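Oh and the sequence shown: position 97 is 97 in full-length UniProt numbering, straight run, nothing missing.
Remarks on the structure that follows.
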Amino acid sequence: TVLIDDKSIWKRAIVKSVENNSYTTWLIDYGVTYISNKLYQLSKEFQHQPAFAKQAALNDVVNVKLVLGGVKIEVASTKEFCCGTVKRAKEEIDRAHSIFFDCLIERNNIHLGEVTIIDSNNRLYDLAQLLVEEHNLTYNKELFDEGNCC
């Protein structure tokens, strides 16, 4: 656990990856990813304090990508990150009246589960199922289990 300085506010972070002089971190008390070019040492007394936020992911789903074959376009499952799918999920979350997360399992301090949304018309739906129906995601437990998230 390290510290980052975000607009003169100290925040606890876990380093997820390093590229050149850029650190991709997870702000453990805010539940978001943050990119910083400087890290600071966190005092030992604060390293074991419980986090205010937990990282979570939809369970057993992976992204879908279109692959150009010899004659046709094929659909394939992928572990690769897809900005379009994340954008689509954020659109649904932003429009939601209420959001519920049901944690099914915890792996490597990441909560895996289902997101249920209630919209402004009191319609209840599963976010992963909606994204599967729109062909943004697909259920693929084997590929999910070998993915990088957990």
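Ideal Cβ placement from N, Cα and C applies to all residues, glycine included.
All of these numbers come straight from a predicted model, not from anything done at the bench.
Which residue from Tyr125, Asn63 and Asn109 puts its Cα closest to that of Ser98? Tyr125
Going by beta-carbon coordinates alone, are Lys16 and Trp26 separated by less than 7 Å? yes
Leaving out the 5 sequence neighbours to the left and right, which residues in its chain are closer than 6 Å to Val115 when beta-carbon positions are compared? Phe101 and Leu127
Inter-residue Cα distance where the pair is Leu39 and Glu106: 28 Å
Whole angstroms are fine: how far does the CA of Ala53 sit from the CA of Gln47? 15 Å
What separation, rounded to the nearest whole angstrom, lies between the Cα atoms of Glu92 and Glu134? 13 Å
What's the gap between the Cα of Ser120 and the Cα of Gln55? 26 Å
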